[in-house]
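S.K.: Counted the way my numbering counts, the sequence shown spans residues 13 to 148. Backbone N, C-alpha and C define an ideal beta-carbon position, used for all residues, glycine too. For clarity, every value in this text was computed on a predicted model and none was experimentally measured.
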Amino acid sequence: MVYEWGGTPVTSSPLSVFLTKELNSTTFHSTNYPYQDSCIVINSREECQAAFFSKEQLPEVDFQNNTLVICQTSAADTSYKLGHVSLKEKPDNYELQMTIFAEGSDAFCMIMHIYYWRLFPKLKDKKIILKPTIKK
13 MVYEWGGTPV TSSPLSVFLT KELNSTTFHS TNYPYQDSCI VINSREECQA AFFSKEQLPE
73 VDFQNNTLVI CQTSAADTSY KLGHVSLKEK PDNYELQMTI FAEGSDAFCM IMHIYYWRLF
133 PKLKDKKIIL KPTIKK
C-alpha cells in the first residue's frame with residue numbers, strides 16, 4: 013500500500029501515479045530491502061532517477077524548493093490504516109514518526125510493505141530516521 017501526506021492514500025496527481033506504480037513494483041531501489049525500515053531523501057531529479065530502476069518518465073518536481081521523502085516499513089499482512097505522521101527536526105537528524113493501526117490476526121506471518129511519501133519544503137542535509145509504531 014502507498015500513502016502520501018498525512019496518511020491519505022495516493023491520488024491521481026502525476027507524481028502520485030508515478031510513485032504508486034513504481035513503489036508497488038520491483039523498480040524502487042532501497043538498500044534496506046526487503047525488511048528493514050528506511051527513508052530516502054531526494055533533493056534533485058538525478059537522485060530521483062537513481063532511486064528507481066524504471067524507464068518511465070519522471071514527472072516534473074520542483075526540487076529547488078522541495079525535498080521528496082520516501083519511507084518503507086512493513087507490517088503483518090492484515091487490515092491496517094496509516095495514522096498520524098510527523099517529521100521532527102533534531103540537532104543531528106530528522107525523526108519521521110508514523111502510527112500504523114492494525115486490525116485482525118497476523119497469524120499467517122506474511123509481510124506487507126507500506127510506503128509513505130511526501131514532498132516537504134526543502135529540508136536541511138540531515139538523515140531521516142523512521143520511527144513506526146504499530147498499534148492494534
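For Ala63, is the classification buried or exposed, using 16 other Cβ atoms within 10 angstroms of its Cβ as the cut-off for buried?
M.R.: With 16 or more other Cβ atoms within 10 Å, it is buried.
S.K.: Quick check on Val29: does DSSP put it in helix, strand or coil?
M.R.: It is helical.
S.K.: Nearest-angstrom Cα distance between Thr164 and Asn55?
M.R.: This structure gives no information on residue 164, because the portion of the chain shown stretches from 13 to 148.
S.K.: Sort Tyr128, Lys33, Leu27 by Cα distance to Leu99 and report the nearest one.
M.R.: Comparing Cα positions, the closest option is Tyr128.
S.K.: Could you tell me whether the segment 100-112 touches the segment 138-146, where touching means 3 or more Cβ pairs closer than 8 Å?
M.R.: With a cut-off of 8 Å, the segment 138-146 and the segment 100-112 count as touching, because enough Cβ pairs lie within range.
S.K.: Alpha carbon to alpha carbon, how far is Asp49 from Met13? Give it in angstroms, no decimals.
M.R.: Low confidence applies here, because Met13 scores a pLDDT of 49, under 50, leaving its location unreliable; read the following figure in that light. The alpha-carbon atoms of Met13 and Asp49 are separated by roughly 15 Å.
S.K.: If we ignore side chains and look at the alpha-carbon of each, how far apart do Gly158 and Ala114 end up?
M.R.: Examination of residue 158 is not possible in this model, given that the chain is present from 13 through 148 alone.
S.K.: Looking at C-alpha atoms only, which residue of Ser28, Glu34, Val81, Met124 is the closest neighbour of Leu135?
M.R.: The shortest Cα separation from Leu135 among Ser28, Glu34, Val81, Met124 belongs to Val81.
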